[in-house]
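This note's numbering numbers the first residue of the sequence shown as 12 and each following residue consecutively.
Written out below as C-alpha cells is the structure these notes cover.
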Amino acid sequence: MFQFFSYYSFLIPFSLLCLCHPSLPARILPEYSSTVIAVDAHTTTTWHGFTRFLDAGKGSQVSGMSELKKYFSRFGYLPIPDTNNFTDIFDKQFESAVLAYQTNLGLPVTGELDSDTISTIVSPRCGVSDTKTHNATFHATKHFAYFNGKPRWVRQAPVVLTYAFSQNNMIYYISLNVIRTVFKRAFSRWEQVIPVSFMEIENYPSADIRIGFYYGDHGDGQPFDGVLGVLAHAFSPENGRFHLDASETWAIDFETVKSRAAVDLESVATHEIGHVLGLAHSSVKEAVMYPSLSPRSKKVDLNIDDVNGAQALYGSNPNFTFSSLLASEKSSNKGTGLRNTRSSKWNISSLVGVLILFLCTR
Ligand SMILES: [Zn+2]
Ligand SMILES: [Zn+2]
12 MFQFFSYYSF LIPFSLLCLC HPSLPARILP EYSSTVIAVD AHTTTTWHGF TRFLDAGKGS
72 QVSGMSELKK YFSRFGYLPI PDTNNFTDIF DKQFESAVLA YQTNLGLPVT GELDSDTIST
132 IVSPRCGVSD TKTHNATFHA TKHFAYFNGK PRWVRQAPVV LTYAFSQNNM IYYISLNVIR
192 TVFKRAFSRW EQVIPVSFME IENYPSADIR IGFYYGDHGD GQPFDGVLGV LAHAFSPENG
252 RFHLDASETW AIDFETVKSR AAVDLESVAT HEIGHVLGLA HSSVKEAVMY PSLSPRSKKV
312 DLNIDDVNGA QALYGSNPNF TFSSLLASEK SSNKGTGLRN TRSSKWNISS LVGVLILFLC
372 TR
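Right, here's the structure in full:
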C-alpha cells in the first residue's frame, strides 16, 4: 500500500532544481534531502538517502548504490552476490531488478530510477518481501498475489482463527482496549468477505495469530529499523506471527496525534492480516495489500483486488456481495477523500517541478 506523496511533493521539484543547477554535477548530489524531508526534530526517515540516486542511469557508478541494491535484495529483487558485497554500479542485473520492482509496485515500467520509482522506494512500507508465486512479466496485469506454494489455513469449517496480544510487547501510549477495538475492526473487514472468523483469546502461546510490537532485532531474522522505513511484518500461513515496529508513532486518530511520522495502526493491521491469511503484495495501488503507506494516511477498506485474492484462497462469505463492498468504498471515500486528494496533490507537485525545471533551464 503506502505512498509518501506529501513529503515528496516538495522533494521532487527540489531534486530537479538541484539537478539542473550548473555547479552541481548530476552524479554527485549533495545530502540536501535530510533537511527537506525531516519528519520530526532530529529524526529523518529511513531510506531518505536513496533520493540522491534520482535519475542515475544504467552504466553509472554512484557511491553508495550498493545500499540501494541491499534494499532491492531485502524485498526480493536481487540475489545476494557470491562476494557478499554489492557494487555501486548500475548494471544490467540491477536494471532487471528495477523493472521487476516497477511492475510489482504498479509504476511506469522504465527501468530507470525516475521520480515515481524513487518516491515509492523511500516510502514507508511493509517488511514482507514482494516475491510472488507467479513470475512477474513486464506486461503482467496488476493483481493480488500469494506466497510461494500458496499456503492457507487448512481447518474444518466453520474456520475460526484465534488471536492474542503479547502482554510483554505492547505500546503503552494507546490503551489495550483501544488497540483491541482497532484490531477487531481490522479482522472484521476480512471476516465479511471470506468464511473465516477471528476470535481474541488471552492465552498468547496457544493463539493461531500472535500480535506484538517489537524494537529492532527481535529474534526472527527480520529486524525493524526505527522510525518509518519498515512498519510491520507478518508471516504466511500457518505461522501466525504478526509483528509491528514499536519505534513507529502509531496513531488511531490523526486529529490528536500531530507527528508527521504518525502511522495509522488500523491500516497496517488490516494489511498484515492479509499476509496472515496468505495474501502477498498486490501491484494495485488502491489495494490494502499494496506494500507501501504514507505517514498520516488511512487505507482500511478492502479493494476488490483484496477481496478477489482472499476469496480465491478461502471462498466467499455467503453473506458477501460486491455491491455492499462498492457501497462501503463509496461512502468511505466520500468521508475521507483520500484517494482523490492524494492524486491531485501529486499532479500539482509534478506541475510545480516541471515549471521549476523550465525556469531554470532558460
Ligand atoms: Zn505487506
Ligand atoms: Zn518479526
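Backbone N, C-alpha and C define an ideal beta-carbon position, used for all residues, glycine too.
It should be emphasised that the depicted structure is a prediction, and the values quoted were computed from it without experimental measurement.
Can you tell me which residues form a DSSP beta bridge with residue 222?
Answer is 176 and 253.
Member of 181, 100 and 125 whose CA lies at the smallest distance from the CA of residue 110:
Considering only alpha carbons, the answer is 125.
From the DSSP output, in three-state form, read off residue 316 for me.
Note: residue 316 maps to helix in three-state DSSP.
Beta-carbon contacts of residue 98 that lie in its chain and below 7 Å, excluding the five residues immediately before and after
If we look at residue 98 and ignore the five residues flanking it on each side, its Cβ neighbours are 77.
Mapping DSSP to helix, strand and coil, what is residue 299?
It is coil, neither helix nor strand.
Determine, using beta carbons only, whether residue 174 and residue 219 come nearer to each other than 8 Å.
Contact: yes.
Starting from the Cα of residue 64, find the closest Cα among 91, 114, 128 and 195 and give me that residue.
Among 91, 114, 128 and 195, the Cα nearest to that of residue 64 is on 128.
Using 8 Å as the limit for Cβ to Cβ distance, is residue 184 near chain D?
Given the protein chain composition of this structure (a single chain), no chain D is represented.
Along the chain, where does the beta strand (DSSP E) that runs through residue 73 open and close?
That residue, residue 73, is in no beta strand (DSSP E); it is neither H nor E in DSSP.
Measure how close the beta-carbons of residue 279 and residue 242 come, nearest whole angstrom, since I'm counting them as under 8 Å.
Indeed, because the Cβ distance is near 5 Å, the residues count as touching under 8 Å.
Residue 290 in three-state terms, based on DSSP:
Residue state for residue 290 is assigned as strand, using DSSP reduced to three classes.
Would you mind working out which of 318, 81, 323 and 117 sits nearest residue 95, comparing C-alpha positions?
Nearest C-alpha to residue 95: 81.
For the segment 180-199 against the segment 152-168, do three or more pairs of beta-carbon atoms, one drawn from each stretch, fall closer than 8 Å, so that the two count as touching?
Segments in contact, no.
When the distance is taken between beta carbons, is residue 200 closer than 8 Å to residue 231?
Contact: no.
DSSP beta-bridge partners of residue 207
Per DSSP, 170.
Any idea which residues DSSP pairs residue 245 with across the strands?
In DSSP, residue 245 forms a bridge with 253.
In chain order, what residues of the same chain lie with their CB nearer than 6 Å to the CB of residue 177, ignoring the 5 residues before and after it?
Around residue 177: 215 and 223.
May I ask whether a heavy atom of ligand 2 can be found less than 7 Å away from the beta carbon of residue 183?
With a cut-off of 7 Å, the C-beta of residue 183 is classified as distant from ligand 2, since no heavy atom of the ligand falls inside that distance.
So does the segment 295-302 actually touch the segment 261-275, counting three or more Cβ pairs closer than 8 Å?
The segment 295-302 is not in contact with the segment 261-275.
Simplified DSSP assignment, three categories, for residue 201:
If DSSP states are grouped into helix, strand and coil, residue 201 belongs with the helices.
When DSSP builds the beta bridges, which residues end up paired with residue 100?
Per DSSP, the beta bridge partners of residue 100 are 72.
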